[in-house]
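Chains as they are written, first to last, in our numbering: chain A, 1 to 111; chain B, 1 to 114.
Built from N, CA and C at the ideal position, the CB exists for glycine as well.
Worksheet for the structure shown next.
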Amino acid sequence: ELKVEQNPLFLSMQEGKNYTIYCNYSTTSDRLYWYRQDPGKSLESLFVLLSNGAVKQEGRLMASLDTKARLSTLHITAAVHDLSATYFCAVDKYNNNDMRFGAGTRLTVKP
Amino acid sequence: KAGVTQTPRYLIKTRGQQVTLSCSPISGHRSVSWYQQTPGQGLQFLFEYFSETQRNKGNFPGRFSGRQFSNSRSEMNVSTLELGDSALYLCASSLAPSGYNEQFFGPGTRLTVL
């Protein structure tokens, strides 16, 4: 069964610091996603990673994918308060929208 | 282009009642998936519809059902509500299930069962 593990589950950071969130998945998948969720809100798509070695960056966030290690990372550079949210990774396969989510990482960025 | 819409946004029901939630996908999208989000179980896949057919179903009891109409709009129904059904129900749409088609999520319906 496809399982997705994220760590850490809780992350408290100081503004200006860097940190990485890790996402491991148990079986081969075709697509890996990173989403952001603010309290009481829906999921906002951040990145979709499709191939080994894929790297995508948007602002202070950078995501990468290593399909051989079944690992994706979400790197936060010089964190700011606005990045405070819960971040989820998820995986699925082509021709199958049964997306499996990690438990989420609740990020708090403190001044 | 309008995003995924879900109605109602908030709903309060009592145990034993049934509820119907609605999802209108992005125009042109034909695949609709439903997810349940709870603090204890996280985000879990309920089912997926494409061209009015259920393609996949998650590990939920038969009280959870859904359907899709010819215009791709989808509804999900929960019968005999239980306290544990209180959750945020999210709908996602994509062009089709295959290939590189990303799923886009709606705002969700927050269901509270008393």
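Residue i: contacting residues in chain B (beta-carbon distance under 7 angstroms)
i: residue 103/A; result: 42
Neighbour list for residue i in chain A, Cβ cutoff strictly below 7 angstroms
i: residue 106/B; result: 42
i: residue 48/B; result: 97, 98
Partner residues on chain A for residue i, Cβ-Cβ distance less than 8 angstroms
i: residue 54/B; result: Those do not exist, as residue 54/B stays about 12 angstroms from chain A at its closest Cβ, beyond 8 angstroms.
i: residue 58/B; result: 98
6 angstroms Cβ shell around residue i - same chain, five flanking residues per side excluded
i: residue 47/A; result: 34, 56, 63
i: residue 73/B; result: 24
i: residue 67/A; result: 52
i: residue 65/A; result: 32, 49, 54, 72
C-alpha distance - residue i paired with residue j, whole-angstrom precision
i: residue 29/A; j: residue 99/A; result: 10 angstroms
i: residue 86/A; j: residue 17/B; result: 32 angstroms
i: residue 60/A; j: residue 81/B; result: 43 angstroms
i: residue 54/A; j: residue 45/A; result: 16 angstroms
i: residue 71/B; j: residue 52/B; result: 9 angstroms
i: residue 47/B; j: residue 69/A; result: 29 angstroms
Same chain, Cβ closer than 7 angstroms to residue i, neighbours up to 5 away in sequence not counted
i: residue 12/A; result: 108, 110
i: residue 93/A; result: 29, 30
i: residue 108/B; result: 6, 88, 89, 90
The beta strand (DSSP E) enclosing residue i, as first and last residue numbers
i: residue 21/B; result: 19-24
i: residue 48/B; result: 42-50
Which residues, in chain order, does the segment 81-101 of chain A contribute to contact with chain B at a C-beta distance below 9 angstroms? Flagged, chain order: 88, 90, 92, 94, 95, 96, 97, 98, 99, 100, 101.
Listed from N- to C-terminal order along the chain, which residues in the segment 42-62 of chain A have their beta-carbon within a distance smaller than 9 angstroms of any beta-carbon of chain B? Listed in chain order, the positions of the segment 42-62 of chain A with a beta carbon within less than 9 angstroms of a beta carbon of chain B are 42, 43, 44, 45, 48, 50.
Taking a cut of 7 angstroms between CB atoms, which residues from the segment 77-93 of chain B lie near chain A? Taking 7 angstroms as the Cβ-Cβ cut-off against chain A, the residues of the segment 77-93 of chain B that qualify are 90.
If you measure beta-carbon to beta-carbon, which residues of the segment 14-34 of chain B are closer than 7 angstroms to chain A? Legend: CB atoms of the segment 14-34 of chain B lying less than 7 angstroms from CB atoms of chain A belong to residues 31, 33.
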